[in-house]
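Asker: Handing you a structure now.
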Amino acid sequence: MALTPAPSTTSPSSTSSPSTAAPDPAPAPGPQGAASLPGDRIASVRLSSVYLPLATPVSDAKVLTGVQAPMTEIALLFAEITTKDGHDGIGFSYTKRAGGPGQYAHAREIAPALLGEDPSDIGRLWTKLVWAGASVGRSGLATQAIAALDIALWDLKARRAGLPLAKLLGAHRDSVRCYNTSGGFLHVPIEQVLDNATAALERGIGGIKIKVGQPDTAADLRRLTAVREHLGDAVPLMVDANQQWDRPTARRMGRAMERFGLTWIEEPLDAYDAEGHAALTATLDTPIATGEMLAGVGEHMALIDARACDIIQPDAPRIGGITQFLKLAALADHHGLHLAPHFAMEIHLHLAAAYPLEPWVEHFEWLEPLFEDHLEIRDGRMYLSARPGLGITLSDRARAWTRESEEFRR
Ligand SMILES: [Mg+2]
1 MALTPAPSTT SPSSTSSPST AAPDPAPAPG PQGAASLPGD RIASVRLSSV
51 YLPLATPVSD AKVLTGVQAP MTEIALLFAE ITTKDGHDGI GFSYTKRAGG
101 PGQYAHAREI APALLGEDPS DIGRLWTKLV WAGASVGRSG LATQAIAALD
151 IALWDLKARR AGLPLAKLLG AHRDSVRCYN TSGGFLHVPI EQVLDNATAA
201 LERGIGGIKI KVGQPDTAAD LRRLTAVREH LGDAVPLMVD ANQQWDRPTA
251 RRMGRAMERF GLTWIEEPLD AYDAEGHAAL TATLDTPIAT GEMLAGVGEH
301 MALIDARACD IIQPDAPRIG GITQFLKLAA LADHHGLHLA PHFAMEIHLH
351 LAAAYPLEPW VEHFEWLEPL FEDHLEIRDG RMYLSARPGL GITLSDRARA
401 WTRESEEFRR
């Protein structure tokens, strides 16, 4: 689809009033600040809707309790931004099950607002994109569409600086502890879970998480017992109930699982039950982790205010991108929370590396076919590469899985 042509000036103006467009040199910064200074400008934004097929339908507790159907694919929204000076950046958002077409449609509506803008002004551009769709809110699908663009701008800024994103942000470490999730889903027979755990540890991954939350809690404990006996006591082990317990069940299971020495219990309760999570956090010795399903910084603030967890699990694409993640990370650090971001290790490795307290990053191999580059994992940790930005390049397979794509240009 062709865009409305830009004015044929060499210095696109970001002012909202066409009657005040100024010739070069640009006017001194006014209320809009650096956007009116000379410099690089966003020349194009390409959006792509990509559907990643999963090798096997995937089930967690939400499937076994009848809340959801098995997951067969992941919908990704990629944003690729270029500037007139030849810099570029890539970002992505995603959704599991429904929502991919909605994210893509919203991004298509708002992406043209970036054209002609200074790519360095990421905070201002995030606000501009929110206001472009203010009626659909500041969380959820609307800001998940913004996330792909925001992440691309951060990638661009780090690439232009010649730095890995973590270094641009200010890294505390060059590697992050990592644990595997993908081998421990509930559709996987326990013998295979044990083999998957062995393979993950042999690959250099440092911890193992398994899913729980089945209707039969005794079955959960049997699987957990088998995994702990298989791993021994020294390997960090986590469980994830995917919100499928009520408060009494979570309390009872939490006490029953204390003997396993778990690194954390994840999402024991409904994602929005801050009060219930807070009671568990105060009651159990095992740390409580939650936050992956929340769709904005404001929603996370309810967890922080309630002292609902020991470990917070934000997901940058899900809460509106890196700009929002950094805001939340500062708040979480101020409150002494540990960090274990959810999914999207390609992004979260950098954000975790820049978090003050020693974090964890979640290993899923699912997204690996989308990228040419792969993360180095050894000795229980995932390492930053020397590649600038996020260090990712879309693969030919990602291009082949693209269902829709559109480029906006001025
Ligand atoms: Mg989880």
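In this note's numbering, the protein residues as written are 1 to 410. All C-beta atoms, glycine included, are put in the ideal place defined by N, C-alpha and C.
#1: Starting from Lys209, follow its DSSP beta bridges and name the residues at the other end.
#2: Under 9 Å, Cβ to Cβ, is there at least one residue of chain B near Ala166?
#3: If I follow the unbroken beta strand (DSSP E) through Trp264, where does it start and stop?
#4: For Ala69, name the three-state secondary structure that DSSP assigns.
#5: I'd like the span of the alpha helix (DSSP H) that includes Tyr104, first residue to last.
#6: Please tell me whether, using a cut-off of 8 Å, the distance from the CB of Glu292 to the nearest non-hydrogen atom of ligand 1 is below it.
#7: Does the Cβ of Gly170 have 16 or more other Cβ atoms within 10 Å, making it buried, or fewer, making it exposed?
#8: Taking the alpha carbon of Ala200 as the reference point, which residue from Leu394, Glu362 and Arg387 has its own alpha carbon closest?
#9: Please work out which residues of its chain come closer than 7 Å, Cβ to Cβ, to Ala113, disregarding the five sequence neighbours upstream and downstream, and give them in chain order.
#10: Measure the alpha-carbon distance for Leu156 versus Asn180 and round it to whole angstroms.
#11: Give the DSSP-derived three-state secondary structure of Ala199 in the structure shown.
#12: Find out if the Cβ-Cβ distance for the pair Leu153, Gly89 is shorter than 9 Å.
#13: Between Asn180 and ligand 1, is the CB less than 8 Å from at least one heavy atom?
#14: Grab the span of the beta strand (DSSP E) containing Leu269 for me, first residue to last.
#15: Check whether the Cβ atoms of Ala226 and Val176 sit closer than 9 Å, and answer yes or no.
#16: Could you tell me if Ala111 is buried or exposed, where buried requires 16 or more neighbouring beta carbons within 10 angstroms of its beta carbon?
#17: Cα separation between Arg403 and Ser48?
#18: Between which two residues does the beta strand (DSSP E) carrying Glu404 extend?
#19: I need the boundaries of the alpha helix (DSSP H) containing Arg318, first residue and last residue.
#20: Anyone know if the C-beta pair for Arg410 and Ala148 falls short of 9 Å?
#21: Per DSSP, Phe92 forms a beta bridge with which residues?
#22: Is Ile151 closer than 9 Å to Ser93 when the C-beta atoms are compared?
#23: Determine the closest residue to Ala69 out of Ser120, Ala340, Pro57 and Met293, with distance taken between C-alpha atoms.
#24: Would you call Glu292 buried or exposed, if buried means 16 or more other Cβ atoms sit within 10 Å of its Cβ?
#25: When the distance is taken between beta carbons, is Leu284 closer than 9 Å to Gly321?
#26: Under the three-state reduction of DSSP, which class applies to Trp360: helix, strand or coil?
#27: Comparing C-alpha positions only, which one of Arg318, Ala278 and Thr281 sits nearest to Val297?
#28: Out of Asp240, His277 and Ala274, state which residue places its alpha-carbon closest to the alpha-carbon of Leu262.
#29: Check each candidate in Glu258, Ala308 and Gln244 and name the one with the smallest Cα separation from Thr281.
#30: To the nearest angstrom, how far is it from the Cα of Glu346 to the Cα of Gln313?
#31: Taking contact to mean at least 3 C-beta pairs separated by less than 8 Å, is the stretch 219 to 236 in contact with the stretch 266 to 274?
#32: Alpha helix (DSSP H) containing Leu426: first to last residue?
#33: Would you mind reading off the limits of the alpha helix (DSSP H) that contains Glu414?
#34: Can Glu266 be considered in contact with ligand 1, in the sense that its beta carbon sits closer than 8 Å to one or more heavy atoms?
#35: Report the CB separation of Ala197 from His230 in whole angstroms; it is logged as a contact under 8 Å.
#36: Kindly provide the ranges of any alpha helix (DSSP H) runs that are 4 or more residues long and lie completely inside the stretch 122 to 165, ordered along the chain.
Answerer: Straight from the coordinates:
#1: Met238
#2: Absent from the structure is chain B; it holds one protein chain and no more.
#3: Trp264 to Glu266
#4: coil
#5: Gly100 to Ile110
#6: yes
#7: exposed
#8: Glu362
#9: Lys128, Leu129 and Ala132
#10: 29 Å
#11: helix
#12: yes
#13: no
#14: Premise fails: Leu269 is in no beta strand (DSSP E) and is neither H nor E.
#15: no
#16: buried
#17: 8 Å
#18: Thr402 to Arg409
#19: Ala316 to Ile319
#20: no
#21: Phe78
#22: yes
#23: Pro57
#24: buried
#25: no
#26: strand
#27: Arg318
#28: Asp240
#29: Ala308
#30: 15 Å
#31: no
#32: Nothing can be reported for residue 426, as the shown portion of the chain is limited to 1 through 410.
#33: As shown, the chain starts at 1 and ends at 410. That puts residue 414 outside it, with no answer to give.
#34: yes
#35: 6 Å
#36: 122 to 132 and 141 to 161
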